[in-house]
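J.: Just dropping this structure here.
Protein chains: 2
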Amino acid sequence: MNQESLNCRLLLPRWIATAVPGQALLESHGVFVRDGLICEVAAQDELRRRYPDVERIELADHLLIPGLVNLHTHAAMALLRGVGDDLPLQSWLHERIWPLERELVSETFVYDGSMLAAIEMLQAGITTVNDMYFFPDQGIEAMRAAGMRISAGLIVIDFPSAYANHGEDYLRKGMAIRDRWMNDTAVSFCLAPHAPYTVSDAVLEQVAVLSAELGLPVHMHVHETAREVEESLHLHGLRPLQRIAKFGLLGPDLIAVHGVHFNESDIAMMAGAAAHVAHCPHSNLKLASGFAPIAALLKAGVNVGIGTDGAASNNRLDLLAEAATAARLAKAVAGDASAFAAPQVLHALTLGGATALGLQDRIGSIELGKEADLVAVDLGGLICSPCIDPLSHLIYVCGTEQVSDVWVAGEPVVRMRQPVSPVFNEHRDRLRSRLPLWQNQVVSHLNRLNRQTVV
Amino acid sequence: MNQESLNCRLLLPRWIATAVPGQALLESHGVFVRDGLICEVAAQDELRRRYPDVERIELADHLLIPGLVNLHTHAAMALLRGVGDDLPLQSWLHERIWPLERELVSETFVYDGSMLAAIEMLQAGITTVNDMYFFPDQGIEAMRAAGMRISAGLIVIDFPSAYANHGEDYLRKGMAIRDRWMNDTAVSFCLAPHAPYTVSDAVLEQVAVLSAELGLPVHMHVHETAREVEESLHLHGLRPLQRIAKFGLLGPDLIAVHGVHFNESDIAMMAGAAAHVAHCPHSNLKLASGFAPIAALLKAGVNVGIGTDGAASNNRLDLLAEAATAARLAKAVAGDASAFAAPQVLHALTLGGATALGLQDRIGSIELGKEADLVAVDLGGLICSPCIDPLSHLIYVCGTEQVSDVWVAGEPVVRMRQPVSPVFNEHRDRLRSRLPLWQNQVVSHLNRLNRQTVV
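Line order of the protein sequences matches chains W and E.
Quick note: the first sequence, position 129, residue 129 per our numbering, numbers continuous.
Quick note: the second sequence, position 445, residue 445 per our numbering, numbers continuous.
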């Protein structure tokens, strides 16, 4: 093997779903990867002949897909998994999530929680995460240490936290973090005003200016609950989406998370503005927020990606499971079993998410010149028999347990279901030793909260 | 080890969710199993002391639960997995399922398809299946060969099939099958008139007589679609449930599958009659049938179990995934995030299903004297960290991949995620060699159907 071939590999799966719009499933094709980039997609025979000396990865029963894009999460909240189940939304927020965050959130909390999430997400085939949380610097640190691509949300919210004190403080800290990571091409940024009901007009104005100046997407919870819409109408005389539009934030840079309570006119506004939706069905169902009108959004031409939301409202970060729910749910909501068909769902999981993040030229599909973020899904088990359409099985049958191999920018992160990077394993072991401490802290605060609730 | 101890084992999990109504989670307890029965549930220290010579199964990170009851499936349809995705219900039935069944269904089809389903279900922690399909004799054969408990539906439908010609023929064949399996205590029966819209008044009358005479539950699709209700009103002047009631079939023996289009008065009738619902959320969503009013049914006191439905409309037989969807969906449908809480979902998965089948005295909970159908779920992975409430993780985090060990009537079927019974493995290998033949047949018939559709 010569020097050149060291950074090369040949992936030889049974099928490839490229996620290139309109392109059919490829069979007996392979992908030639060099220096982290997809350099060729061609018939396996031809690739084997042309690159005889390159490492070959045989994936005889596998479907190769682009790395999944988790278009909305609060990664560090993995440490709050399961703390507020079966509670009405207001109790969930006021009696569980917010009090626990006040006690626990710190740089270490965010680093460890994000690392826990990164390990879970990579093993689920998620190679890019669009995150929103306090201390984004530590979130980025953890994701990069685990070998993951991150779009970091520079959070702004109108109340003080351990991270920052007020709108301007949040934004200033965000800008400094952006400067610090300028040279890591696997890190990109969104401005992340938390939600219409937690940010003032003044903050929205500043966010609009920064987004336009720096060309940054805006990642924001929008129309999650009926109450949010009602309160905005009451306070501002506008629906939240109208209020956002007033500040010039409704455009191709907007990633509207949830969009559960979008009416026809909201959908038309979203489509007209070429804005994006991050659909999080598990969270919307579990918190009883409602049903996002996905079929109607797609019909109007709105780009839709899928997010897991945080582990406190899901309670796991399995984007394939999320996609299966999204695919089934959209059908019942639309009253049309042909809605949100498997190819559309694959698009939402990959190129749709990448497009929302402005990364569509670099990731999201298996195409010449794109970065080699790739996932092999094992369709060889009895559970995938018979196999009429591998793409249908990807959406309606497979879960995390079928994800066997994951590469980010050509680098193997998971091979045959085992994490392979020594760095990754080292971080995982360090995390394992720290988890009991977090568990104890969470339990002791919860016990205190329960006592308060009983009193 | 003496002779007596050969049929004994001691299961020592970290937690036990007994599914006994009102009973809290047990910690550091164990289960002593003898001759297939649960003989003692007590503190681990005590059990270790009292039974020093018995095989010990250490389950240090595990939650032990009763074997899951899949309250509705068409097991053999595993061979039709994924044949009709993203199609409207009428095309799904008329252009895919029914034509394929006409071509393919035979004794061998049912045996192989049921075996495929049995392997998938056992590895998912399902120990009892309530099945409804043609050639129930072959369904039972397969389930028993795989080591599973089955409630076999003696199907009746008003059209001829490879199995039987007309209502009376179906019923006569069903009775003969029941006689044949009289001595296998792991086999029980339901009468299974397919649905109100596929069985005549005459058949319903006969079913009612047989159910009363033989004390058999009646397993039937009811109120699956809005169209079913409308057509019944048009044809009979009655809602399907009213029509069933007219024949005396609405009572504690009725297992109404789906119940999607139950209005308030239907719910009151179900509750008044102490009838049961088999809830199949994945199928209801995927076929765009609608949303079953689970919270309202539970509030009215109706017993609810959960079913996967067949793999042609799901597309997998993972009851934990089904339960997670059921738990989340019920909240959004009710607009109440506290609806269908984890303990209620566990009940539906176990004792609720067993009760619907009339087996509540023998299975469905971890209690003295019940048969030892048990499942160990591994909560030791990072994905289950932190772990505040193991029962919450069971419902909102775990899937098939966390099911590590399964026993049916005390016999190990799956150990450390691997099937252990030599018989099971032998059947699986034989099935593997036959699956390519089925795959070819399904594909060739599908190709022909597609050509017809295009013409």
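Using N, Cα and C, we set each Cβ at its ideal position, and we do this for glycine too.
#1: Whole angstroms are fine: how far does the CA of Glu107 (chain E) sit from the CA of Ala274 (chain E)?
#2: Tell me the start and end of each unbroken alpha helix (DSSP H) in the stretch 86–158 of chain W that is at least 4 residues and wholly inside, in chain order.
#3: Checking 7 Å against the spacing of the C-beta atoms, do Ile140 (chain W) and Val187 (chain W) come in under that value?
#4: Would you be able to state if there are at least three C-beta pairs under 8 Å between the stretch 275–284 of chain W and the stretch 303–310 of chain W?
#5: Is DSSP giving Pro66 (chain W) helix, strand or coil here?
#6: Tell me which residues share the same chain as Gly113 (chain W) and place their Cβ nearer than 7 Å to its Cβ, disregarding the 5 neighbours each side in the sequence.
#7: List the residues of chain W that Arg102 (chain E) touches, going by C-beta distances under 7 Å, in chain order.
#8: Just verifying my parser: in three-state terms, what is the DSSP assignment at Arg448 (chain E)?
#9: Taking C-beta to C-beta, are Gly22 (chain E) and Leu47 (chain E) nearer than 7 Å?
#10: Under the DSSP definition of a beta bridge, which residues are partnered with Pro252 (chain W)?
#11: Tell me whether Trp438 (chain W) is buried or exposed, calling it buried when 16 or more other Cβ atoms sit within 10 Å of its Cβ.
#12: Might you give, ordered along the chain, the residues of its own chain that have their beta carbon closer than 7 Å to the beta carbon of His166 (chain E), omitting 5 neighbours on each side?
#13: Determine the DSSP secondary structure at Arg14 (chain E), reduced to helix, strand or coil.
#14: So the candidates are E:Glu371, E:Asn183, E:Ser365, E:Ile388; which of them puts its Cα closest to the Cα of Pro436 (chain W)?
#15: For Val345 (chain E) versus Gly125 (chain E), is the C-beta distance shorter than 7 Å?
#16: Is there a Cβ from chain E that is less than 7 Å from the Cβ of Lys331 (chain W)?
#17: Counting only Cβ pairs nearer than 9 Å, list the residues of chain E close to Glu401 (chain W).
#18: Secondary structure at Gly30 (chain W), three-state DSSP: helix, strand or coil?
#19: Where do the ends of the alpha helix (DSSP H) carrying Asp228 (chain W) lie?
#20: For the stretch 303–343 of chain E, list the alpha helix (DSSP H) runs that are entirely contained and at least 4 residues long, ordered along the chain.
#21: Can you list the residues of chain E that Tyr396 (chain W) reaches, using a CB-CB cut of under 7 Å?
#22: Apart from the five residues just before and just after Glu58 (chain E), which ones in its own chain have a Cβ nearer than 8 Å to its Cβ?
#23: For a contact meaning CB atoms closer than 9 Å, what does Val459 (chain E) contact in chain W?
#24: Apart from the five residues on each side of it in sequence, which residues of its chain come closer than 7 Å, Cβ to Cβ, to Ala372 (chain W)?
#25: Would you mind sorting Thr185 (chain W) into buried or exposed? The rule is 16 or more other CB atoms within 10 Å of its CB.
#26: Locate the alpha helix (DSSP H) running through Glu205 (chain W), then write down its first and last residues.
#27: Would you mind listing the alpha helix (DSSP H) stretches within the stretch 417–448 of chain W that are 4+ residues and don't spill past its ends, in chain order?
#28: Under 7 Å between beta-carbons, which chain W residues line up against Phe291 (chain E)? List them in chain order, please.
#29: Which residues mark the beginning and the end of the alpha helix (DSSP H) in which Glu46 (chain E) is found?
#30: Scan the stretch 45–66 of chain W for residues whose Cβ lies nearer than 9 Å to a Cβ of chain E and list them as they occur along the chain.
#31: Name the residue from E:Tyr51, E:Ser28, E:Thr73 whose alpha carbon lies nearest to the alpha carbon of Leu63 (chain E).
#32: Name, please, each residue of chain W whose Cβ falls closer than 8 Å to the Cβ of Thr73 (chain E).
#33: How many whole angstroms separate the CB atoms of Ala332 (chain W) and Ile294 (chain W), which I take to be in contact at a CB cut-off of 8 Å?
#34: Please state whether the Cβ-Cβ distance between Ile244 (chain E) and Pro217 (chain E) is less than 7 Å.
#35: For chain E, check one thing: does any of its Cβ atoms lie closer than 7 Å to the Cβ of Ser338 (chain W)?
#36: Can you check DSSP and say which residues form a bridge with Glu411 (chain E)?
T.: In brief:
#1: 36 Å
#2: 98–104, 107–123, 136–146
#3: yes
#4: yes
#5: strand
#6: Ala75, Ala76, Met77, Ala78, Leu79
#7: Neighbours of Arg102 (chain E) on chain W: none; closest Cβ ~18 Å, over 7 Å.
#8: helix
#9: no
#10: BP columns for Pro252 (chain W) are empty, so no partner.
#11: buried
#12: Pro160
#13: strand
#14: E:Ile388
#15: no
#16: yes
#17: Gly399, Thr400, Glu401
#18: strand
#19: According to the sequence as given, residue 228 (chain W) is Glu; it is not Asp. Residues 226–236.
#20: 319–334
#21: Gly82, Asp85, Asn315
#22: Leu12
#23: For residue 459 (chain E) there is no data in the structure shown, the boundaries of chain E being 1 and 455.
#24: Val33, Gly36, Leu37, Ile38, Trp407, Ala409, Gly410
#25: exposed
#26: 201–214
#27: none
#28: Ala332
#29: 44–50
#30: none
#31: E:Ser28
#32: Under the 8 Å cutoff, chain W gives no residues; its nearest Cβ is about 15 Å from Thr73 (chain E).
#33: Contact doesn't hold; Cβ gap of about 11 Å is too wide.
#34: no
#35: yes
#36: E:Val408
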